[in-house]
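Protein chains in written order, with my numbering: chain A, 1 to 162; chain B, 1 to 791.
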């Protein structure tokens, strides 16, 4: 067992973990952050997507020990400071971009990473970016619409700020 | 009633906030004090004699609390089947035992052989590796027709055939159908495969068994669409635990699509083992395990013949289907290719004579059971494919041919020749709407534009009907169901006027917490935030048959309406007393009880308070309190129907098919939340396109599953799919339930596959390739090969 120390959703945490412990296991089983989900064992489904030092990663494919000193953000860290839904989360609710909710945390984390890199993606770019996130409920239609709406909202906020 | 939350409003979902903030509570999110973990050793051969299982090394490994095999379960009941089909000759189906852990034989890759319970999951998995089973491999039974031939290897030694049943429907029509087909002006014949699918809800199955010795009480947390059904099946038939000693909780569940209806061995194991080792026992399926242990869907091989007169009028229909049951009979398996398939073979048409033969076959594959649509997609696919082929053969426009045979609005209620009576519908209306929203008139222009880019464009049409709102208990009882298919609801009003609705319908994506609250709040004229929806726990809900067959609103919602009506009736008596008026003079509107023709009134909360603080109360006439229950048993199925159009582009160089547009015109009767209905249709369409173009479950000649992960099983991804145009403005309300609703959960998965395949065949024929059929999924390889075979 080795101690790993990292920042998760702005909080410093340390836990003893085995060499084989995955980041997603650290988050779910040791830190109680069960919003990050496991939907497969071949890193295909994207339900476990989190941000590691600002980049979207699949937490099932990262060893916990490799996160020493890293900053991790999960779905539990995506709401506004007052607890209200963030822009992307709100867009998913407004556009019915979720049904069973299981893929949703990964979708939101991927969408956030996409919009950081590409604030104004086309429908095709959104669909291609989500290639690593599986949803079985929505047929993706409303997820794409939610991300388009979030992009517009974030864009107008940016314009207003400038 | 506020417009944005009442019946008919696209109210935003209340459950979303917890899902969007990571606060959902799925079974694997639960951890019980002192919890141990189980891992299963699963068969890596499809068929074999289980000679021995050496667990000695595993038992000695660190952290191991117990190692169990089929020997431990040989005197315990098997996993039961909830439906008994009677064959053509009046004989009951063959029903071999399905042991919790394999005993004597293994019958499919993934069949559980042994289980290790250990302190940690890693220790349980390590110990599984140390178990040594000795298996004498037997030939794998895979091809259904070979399986029922003379001398075939038997999947189950205790029964003398792999033929589970040979079902004929309607048996009395058999000769008349044969004669009509013999004498017809034209007969269109098609042989096709309905490809085996894996449901793949994004949440893998999980279970936690718990036993409290102090009061001899078991609890099972499980990923189920119907916790009461699991309690009934597991308690009564497998483990012998009476209902009052067994609590089943299905918390947030991450999708089901049918695959979480059934009672599974792992649930029984965790519950049993919790007592055995004296610790809660948790199991979470890996995706790889899910591919070899979740019941799969479809897998029919069919020959269909449609007889037509010279005007294209359908005269008779005959189908001959082999339906794969897999290695064991799953919970609803026998009902899927029979009563959920044969009775839909009239479709939306007036075909007077129909005969359906289904041979259900055991093979060395994962069990097959309901998957979104369950039997109805299989019926619709073959029917809509053969109609399309007939249109081409007879030179009649496919929309026109369908219209010539539609049941007309003035023919309802319509008695089909396959037992069911459609209460209401208007198939010309949905077809008209489809022609409009799909811009069928503009197709030729779009086709030429595609052709200019070197692509072959095709338009595919499908009309569908489904039987939902499952189901009248007395009818399904006659058909072999071993349960009633009603639903229950309790409405518990609190003193201050807020209330909880306890429903037997389970929500795993459908949005019940929103739509059911809309219904009750609308009926009572109170704020929707006053209404809480509770589901998924047998210790809270009186009873429930669960969620499947697009039944939640039509059956579960009706039970809620009935219970709420009882609440209103009692509240009216209380209000009459408070207002010192006759009960008949009390009007209830917008959350207020008023004496008719006066301005004297009491508010909802005054009445609810009086019910719990009965100082001024008609105690001699009614009891205090305000809580009512209702069971609703539907008098008929509901019959959602509609018409779908798909446009594809085929790349003639590669055979790659792209769905460029998809339109759906559905008649779901009345609608509570249009936004949620749209979402249900979107998801169904995506699964239908997945079946048509991408998804296929492949076993090799040894019964090894070749498509056992998302690396190999082609789940539809965002960039495989278009935006969808959906419309549900055509509404013929259901005539026999209080909300006039029909159900919308499965429609997309039913109507879509034939629309897609019809579109591809249309594109190829317009492009000069004389191709009558390609089996799903229409992968580039299959399309390219078909094009090259005729080039």
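Just so you know, even glycine gets a beta-carbon here, dropped at the ideal spot from N, CA and C.
The structure displayed is predicted, hence computed values, not measured ones.
Between the options, which has its C-alpha nearest residue i's C-alpha?
i, options, result
"residue 19(B)", "283(B), 720(B), 251(B)", "251(B)"
"residue 373(B)", "757(B), 127(B), 747(B), 760(B)", "747(B)"
"residue 326(B)", "741(B), 447(B), 656(B), 370(B)", "370(B)"
"residue 566(B)", "627(B), 612(B), 508(B), 739(B)", "627(B)"
"residue 229(B)", "259(B), 263(B), 200(B)", "263(B)"
"residue 475(B)", "634(B), 550(B), 581(B), 377(B)", "634(B)"
"residue 6(B)", "709(B), 524(B), 449(B), 605(B)", "524(B)"
"residue 31(B)", "222(B), 678(B), 572(B)", "222(B)"
"residue 265(B)", "465(B), 364(B), 112(B), 37(B)", "112(B)"
"residue 637(B)", "76(B), 299(B), 424(B)", "424(B)"
"residue 769(B)", "446(B), 655(B), 311(B), 587(B)", "655(B)"
"residue 235(B)", "224(B), 615(B), 214(B), 271(B)", "271(B)"
"residue 278(B)", "36(B), 452(B), 788(B), 561(B)", "36(B)"
"residue 70(B)", "57(B), 51(B), 84(B)", "51(B)"
"residue 68(B)", "96(B), 38(B), 208(B), 44(B)", "38(B)"
"residue 101(B)", "463(B), 453(B), 76(B)", "76(B)"
Our contact map puts residue i next to residue j with C-beta atoms below 8 Å; I'd like the distance itself, whole angstroms only.
i, j, result
"residue 434(B)", "residue 645(B)", "5 Å"
"residue 514(B)", "residue 203(B)", "So it is not a contact: roughly 20 Å between Cβ atoms."
"residue 694(B)", "residue 714(B)", "4 Å"
"residue 493(B)", "residue 608(B)", "5 Å"
"residue 577(B)", "residue 632(B)", "That belief does not hold up - the Cβ atoms of residue 577(B) and residue 632(B) are roughly 29 Å apart, past 8 Å."
"residue 161(B)", "residue 94(B)", "7 Å"
"residue 640(B)", "residue 742(B)", "4 Å"
"residue 319(B)", "residue 302(B)", "6 Å"
Establish whether the CB of residue i and some CB of chain B are separated by less than 8 Å.
i, result
"residue 12(A)", "no"
"residue 92(A)", "yes"
"residue 15(A)", "no"
"residue 41(A)", "yes"
"residue 127(A)", "yes"
"residue 26(A)", "no"
"residue 72(A)", "no"
"residue 51(A)", "no"
"residue 148(A)", "no"
"residue 154(A)", "no"
"residue 76(A)", "yes"
Do you know offhand how far residue i's Cα is from residue j's?
i, j, result
"residue 65(B)", "residue 126(B)", "13 Å"
"residue 391(B)", "residue 755(B)", "14 Å"
"residue 2(B)", "residue 589(B)", "Low local confidence applies: a pLDDT of 49 at residue 2(B) is under 50, so the model's placement there is unreliable, with the coordinate-based value given in what follows. One C-alpha to the other measures close to 13 Å."
"residue 46(A)", "residue 199(B)", "18 Å"
"residue 2(A)", "residue 18(A)", "6 Å"
"residue 61(A)", "residue 516(B)", "40 Å"
"residue 614(B)", "residue 734(B)", "41 Å"
"residue 787(B)", "residue 764(B)", "8 Å"
"residue 603(B)", "residue 84(A)", "33 Å"
Using a beta-carbon distance below 8 Å, is residue i in contact with chain A?
i, result
"residue 37(B)", "no"
"residue 257(B)", "yes"
"residue 452(B)", "no"
"residue 40(B)", "no"
"residue 2(B)", "Summary for residue 2(B): the model assigns pLDDT 49, below 50, so the residue's position carries little reliability; its value from the coordinates is reported in the next sentence. Chain A contact via Cβ: absent."
"residue 12(B)", "yes"
"residue 776(B)", "no"
How would you label residue i, buried or exposed, when you count the other beta carbons within 10 angstroms and need 16 or more for buried?
i, result
"residue 110(A)", "buried"
"residue 413(B)", "exposed"
"residue 762(B)", "buried"
"residue 621(B)", "exposed"
"residue 509(B)", "buried"
"residue 66(A)", "exposed"
"residue 351(B)", "buried"
"residue 682(B)", "buried"
"residue 11(A)", "exposed"
"residue 478(B)", "exposed"
"residue 459(B)", "buried"
"residue 512(B)", "buried"
Under 7 Å between beta-carbons, which chain E residues line up against residue i? List them in chain order, please.
i, result
"residue 55(A)", "Included in the structure are the protein chains A and B, with no chain E among them."
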